[in-house]
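Residue numbers (my numbering): 32 to 237.
Yeah, the Cβ is synthetic: ideal placement off N, Cα and C, and Gly gets one too.
None of these values were measured; they are calculated from a predicted model.
The next block holds one structure in the form of structure tokens; read it before the comments.
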Amino acid sequence: MARRIAPGQTLVLASHNRGKLREITALLRPHSVELVSAGALGLPEPAETAPDFAGNARIKALAAAEGSGLPALSDDSGFCVAALGGQPGVFSARWAGQAKDFDVAMGMVKDRLGDRRDRRAWFIAALCLAWPDGHTETFLGRIDGAVTWPPRGAKGFGYDPIFVPAGDHQTFGEMEPDQKHAISHRARAFAQVLASCFAGRPDPHP
Numbered sequence: 032m033a034r035r036i037a038p039g040q041t042l043v044l045a046s047h048n049r050g051k052l053r054e055i056t057a058l059l060r061p062h063s064v065e066l067v068s069a070g071a072l073g074l075p076e077p078a079e080t081a082p083d084f085a086g087n088a089r090i091k092a093l094a095a096a097e098g099s100g101l102p103a104l105s106d107d108s109g110f111c112v113a114a115l116g117g118q119p120g121v122f123s124a125r126w127a128g129q130a131k132d133f134d135v136a137m138g139m140v141k142d143r144l145g146d147r148r149d150r151r152a153w154f155i156a157a158l159c160l161a162w163p164d165g166h167t168e169t170f171l172g173r174i175d176g177a178v179t180w181p182p183r184g185a186k187g188f189g190y191d192p193i194f195v196p197a198g199d200h201q202t203f204g205e206m207e208p209d210q211k212h213a214i215s216h217r218a219r220a221f222a223q224v225l226a227s228c229f230a231g232r233p234d235p236h237p
């Protein structure tokens with residue numbers, strides 16, 4: 032049985048990415064936990080040396096849990112393009128460079144795709160809960176869709192403006208936050224986290 036987070040418990044969000052922090056905070060808001068970010072605690076970002084999303088999520092969650100003495104929730108996620116062999120994948124953030132310029136990263140996707148007809152793409156999110164004693168619980172979510180160009184919308188972050196989910200016509204960058212949260216890779220992984228690791232019912236008036 033998975034270990035659980037109790038109502039009122041303090042949880043560290045093990046990310047320095049503002050977009051991810053904003054989304055995870057919104058997803059957690061109804062669940063009566065106290066949230067603090069790794070950045071607010073002055074915790075450094077660990078090197079992400081694993082070859083997959085789940086491994087990197089565990090690295091980040093364990094570093095935050097051990098550094099803070101509190102349970103920590105991390106996210107490792109990325110954008111994958113079929114015609115590029117799944118790239119950028121775990122290197123999604125690195126394609127944006129030191130400046131975290133995702134206009135550059137999206138341009139790299141366009142340039143490397145060239146005139147290929149296969150535009151299939153997907154987002155994957157790995158969420159990991161870690162405790163200071165080294166225990167972890169990891170969950171994966173995925174959403175499929177297609178690359179579009181030019182980028183559309185400024186409501187998301189990262190590669191959102193060039194991704195259209197299957198069955199939709201808007202990019203993630205054009206969607207309102209609640210609309211994206213209802214279907215995203217992160218929301219799908221998060222639903223598993225809640226079902227397995229959060230005690231009690233959500234507060235209907237967060």
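Next item on the list: Can you check DSSP and say which residues form a bridge with residue 228?
Entry: The partner list for residue 228 (beta bridge, DSSP) is empty, contrary to what the question assumes.
Note to self: Can you look up residue 99 in the DSSP assignment and give me helix, strand or coil?
What the structure shows: DSSP places residue 99 in helix when its eight states are reduced to three.
Item checked: Nearest residue (CA-CA) to residue 41, options 54, 50, 53 and 62 -> Among 54, 50, 53 and 62, the Cα nearest to that of residue 41 belongs to 62.
Next item on the list: Please specify which runs of the beta strand (DSSP E), each continuous and at least 3 residues long, are wholly inside the segment 86–151, giving them in chain order.
Entry: List check, beta strand (DSSP E) in window: 103–112.
Note to self: the ligand SAH and residue 69: does any heavy atom of the ligand fall closer than 7 Å to the residue's C-beta?
What the structure shows: Ligands in the displayed structure: none, and consequently the ligand SAH is not present.
Checklist line | Cβ-based burial, residue 237 [other Cβ within 10 Å; buried from 16] | finding: Low per-residue confidence applies at residue 237: pLDDT is 43, beneath 50, and the placement is therefore not dependable, though the value from the model is reported in the following sentence. Its Cβ having fewer than 16 others within 10 Å, residue 237 is exposed.
Check: Shortest alpha-carbon distance to residue 211 belongs to which of 161, 126 and 191?
Finding: Cα-wise, what sits closest to residue 211 is 191.
Notebook entry, point to check: Can at least three beta-carbon pairs, one atom from the segment 109–119 and one from the segment 145–164, be found at a separation below 8 Å?
Noted result: As far as the Cβ criterion goes, the segment 109–119 touches the segment 145–164, which means the pair count is three or higher.
Margin query: Quick check: residue 44 and residue 104, are their CB atoms within less than 8 Å of each other?
Written below: With a cutoff of 8 Å on beta-carbon distance, residue 44 and residue 104 are scored as near each other.
Check: Buried or exposed: which applies to residue 168, given that a residue is buried once 16 or more other Cβ atoms fall within 10 Å of its Cβ?
Finding: Buried, because 16 or more other Cβ atoms sit within 10 Å of the Cβ of residue 168.
Notebook entry, point to check: For residue 170, which three-state DSSP category applies?
Noted result: The answer is strand: DSSP assigns residue 170 an E or B state.
Check: Under three-state DSSP, which class holds residue 187?
Finding: Note: residue 187 maps to coil in three-state DSSP.
Notebook entry, point to check: Does DSSP put residue 54 in a helix, a strand or coil?
Noted result: Three-state result, residue 54: helix.
Next item on the list: Find the nearest neighbour of residue 46 within the set 96, 83, 35 and 37, judged by alpha-carbon distance.
Entry: Proximity to residue 46 across 96, 83, 35 and 37 peaks at 96, based on C-alpha coordinates.
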